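As structure tokens, the structure follows; a few thoughts come after it.
Protein chains in written order, with the numbering used here: chain A, -16 to 278; chain B, -16 to 278.
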């Protein structure tokens, strides 16, 4: 299999969904001994066939691992898997590490880090940006919160999943990585709302949106959102991509983070209202760039 | 002076402000005979010293020109200069052309084009993006509305002012260029609101905004606004740049254009509210990237 036998660090991976499965595969391909657990049988079987070991529960994963990575849908999932009755912290040996790469509440991430610390282990919050394509191509951006020492220890793992120059240690404070991910989703939301509204106006006014996009890409309005989502909007290609119901969750977390930190969030509130309307009208599984269809 | 004597087209230029003065200078430097008019004496004298001829009124400019360019602050200024008692249309010979490069209401631009057509002349609306720096460096983006024939006739003029690949004929419908400029300002507004809110949240949460910006630039949130204004916001450098009171005007035009075309403009409404707050609290002459100080 061409594995590098020198790497002794045993990794557990919990959550083999659209993102988790390719991420776990990269770690296995780079020679890390891998123990996996997931709700669905299919991805577990696929990873086992590639050389991973399956475990029956989070605590079983932790007992066989030095580092446990979680990649789960939402805050309650991560809380249950890390600190529930069969949770990771009941199986990790002293000195072990939990790395949560899910996108969850920064407030919850901080609380979880405290609970992990109570059992003599370290936690990093390390949410990603780049989506399924980024996971498959190992080109994710990774935003990391937690001690610099833990970050350095985990860096070789992150470098299996993302470009080295897109792996950023945001801060030592637990939850910093999640806070950065919130910032990411808020910045994208503003850009997407602006582009959606601009192209909707062009359409209503009978002006060629493709030429508007072309003109705007040459100037200060230029953005990845205009480039990629602008194209999606103009051609009404809303196959995900990134499902609206997941972005809805991210914006709920953003508004919670705003409230927790006393930050005004009018833009995130507006974008959340558009996403809520999209989901309510049956668009939960459309790409989130479809919010402009609500205008 | 090294002027190219082969260029016979006589150009009038009205409005020698921060944008107009360098633009007029480029035309002169490229050999176009130039007649100028402006409210302030200083820029007129400077252009005359460089070889231009001064005229006492818009109609006097038009009598000596094949093409008259206007670069003025707001819609009423352009209306007065083009169609007022001493307006351009009273001096332009049949077959002449008016090119308005100001940022004004698309609805007004369409009405002005009709009045210019009544005297047997052609009009283009050709607002720009790129600001004072773009005007000085002749690197403006130019968004043009009006007939394809008129666009081709004016193209050599535009190519003195902006990069060839950023000169876009948006549509034959008068006002298309202004509508595109509105789209530009709306797209920028959304991106700016998102970035401002993200960095304000980071600050309130005690997270290093510079690292957040760095992480976001590597991913899908990447934009010119995050790059340039993100830096301004992090260092509180709000020296204009682009004055908030001018952006306030652009957003007023955007909301008018939305209403005129039956387009929902929640993002522009939100950004306008932030800009209004900034102007109301004394920030009219700060760069518009200061809207985040209202959060």
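Quick reminder that beta carbons are idealized off the backbone N, C-alpha and C, glycines included.
Bear in mind that the values here come from a model prediction, so they are computed numbers and not experimental data.
If you drop the 5 nearest sequence neighbours on each side, which residues of the same chain put their C-beta closer than 8 Å to that of residue 63 of chain A? 70
Out of B/97, B/181, B/23 and B/44, state which residue places its alpha-carbon closest to the alpha-carbon of residue 74 of chain B. B/44
Just how far apart, CA to CA, sit residue -14 of chain B and residue 85 of chain B? For residue -14 of chain B, the predicted structure reports a pLDDT of 45, less than 50, and the residue's modelled location is therefore unreliable. The matter cannot be settled from this model.
Residue 156 of chain B at chain A interface by Cβ criterion, 8 Å: yes
In angstroms, rounded to a whole number, what distance separates the CA positions of residue 140 of chain A and residue 127 of chain A? 12 Å
Of the listed residues B/237, B/238 and B/183, nearest to residue 248 of chain A (C-alpha basis): B/183
On a Cα-Cα basis, can you pick out the residue from B/244, B/152, B/278 and B/117 that is closest to residue 225 of chain B? B/117
Whole angstroms are fine: how far does the CA of residue 200 of chain A sit from the CA of residue -16 of chain B? Only weak support exists for where residue -16 of chain B lies, its pLDDT of 41 falling under 50; the value from the coordinates is given anyway. Their backbone Cα atoms lie some 36 Å apart in a straight line.
First through last residue of the alpha helix (DSSP H) which encompasses residue 124 of chain A: Element bounds for residue 124 of chain A: not the alpha helix (DSSP H) but the beta strand (DSSP E), 123 to 128.
Am I right that residue 35 of chain B and residue 19 of chain B are in contact with their C-beta atoms under 8 Å? What's the rounded C-beta distance? 5 Å
List, in order along the chain, the chain B residues whose C-beta lies closer than 8 Å to that of residue 137 of chain A? What residue 137 of chain A touches in chain B: nothing, since even the nearest Cβ is about 16 Å away.
Who are the near neighbours of residue 123 of chain B in its chain, counting only those whose CB is closer than 6 Å to its CB and skipping five residues on each side? 111, 113, 117, 144 and 145
Kindly give me the distance between the Cβ atoms of residue 50 of chain A and residue 80 of chain A, rounded to whole angstroms, as I take these residues to be in contact under 8 Å. 5 Å
Whole-number beta carbon distance between residue 180 of chain B and residue 169 of chain A, since they are thought to touch under 8 Å: 5 Å
Please classify residue 141 of chain B: does DSSP put it in a helix, a strand, or coil? helix
Cβ of residue 126 of chain A less than 8 Å from any chain B Cβ? yes
Contact residues within the region 237 to 253 of chain A, judged by C-beta distance below 7 Å to chain B: 240, 241, 244, 245, 246, 247, 248, 249, 250, 251 and 253
Identity of the residue in A/153, A/177 and A/13 nearest residue 272 of chain A by Cα: A/177
At a Cβ threshold of 8 Å, is residue 180 of chain A touching chain B? yes
Classify residue 100 of chain B as buried or exposed, calling it buried when 16 or more other Cβ atoms lie within 10 Å of its own Cβ. exposed
Does residue 130 of chain A come within less than 8 Å of chain B when only Cβ atoms are used? no
Taking just the CA atoms, how far does residue 223 of chain B sit from residue 97 of chain A? 45 Å
Residue 265 of chain A to residue 4 of chain A span [Cα, whole Å]: 28 Å
Between residue 133 of chain B and residue 188 of chain B, what straight-line distance do the alpha-carbon atoms span, to the nearest angstrom? 54 Å
Just list the beta strand (DSSP E) runs in the region 14 to 101 of chain A, keeping only unbroken ones of 3 residues or longer that don't cross its boundaries, in chain order. 17 to 20, 50 to 53 and 80 to 83
DSSP three-state call for residue -14 of chain B: helix, strand or coil? The predicted position of residue -14 of chain B is uncertain, since its pLDDT is 45 and thus under 50; a value taken from the coordinates is nonetheless stated next. DSSP places residue -14 of chain B in coil when its eight states are reduced to three.
Close-in-space but distant-in-sequence residues of the same chain around residue -9 of chain A (CB under 6 Å, 5 per side omitted): none
Spatial neighbours of residue 260 of chain A within its chain, please: CB distance less than 6 Å, with the 5 preceding and 5 following residues excluded, ordered by chain position. 277
Start and end residues, beta strand (DSSP E) containing residue 107 of chain B: 105 to 108
Contact criterion: CB-CB distance below 8 Å. Does residue 167 of chain B meet it with respect to chain A? yes
Is residue 110 of chain A near the ligand ZN, with its Cβ less than 7 Å from a heavy atom? With respect to the ligand ZN, the structure offers nothing, as it holds no ligand at all.
Using a Cβ-Cβ distance cut-off of 8 Å, determine whether residue 163 of chain A contacts chain B. yes
Residues near residue 230 of chain B in its chain [Cβ-Cβ closer than 6 Å; skip 5 each side]: 258 and 271
Does residue 83 of chain B pass the burial test, meaning 16 or more other C-beta atoms within 10 Å, or should it be called exposed? buried
Below 8 Å on the Cβ atoms is my contact criterion, and I expect residue 166 of chain B with residue 185 of chain A to pass it. Report the Cβ-Cβ distance as a whole number of Å. 6 Å
Assumed close pair residue -6 of chain B, residue 48 of chain B - CB separation to whole angstroms, cut-off 8 Å: 6 Å
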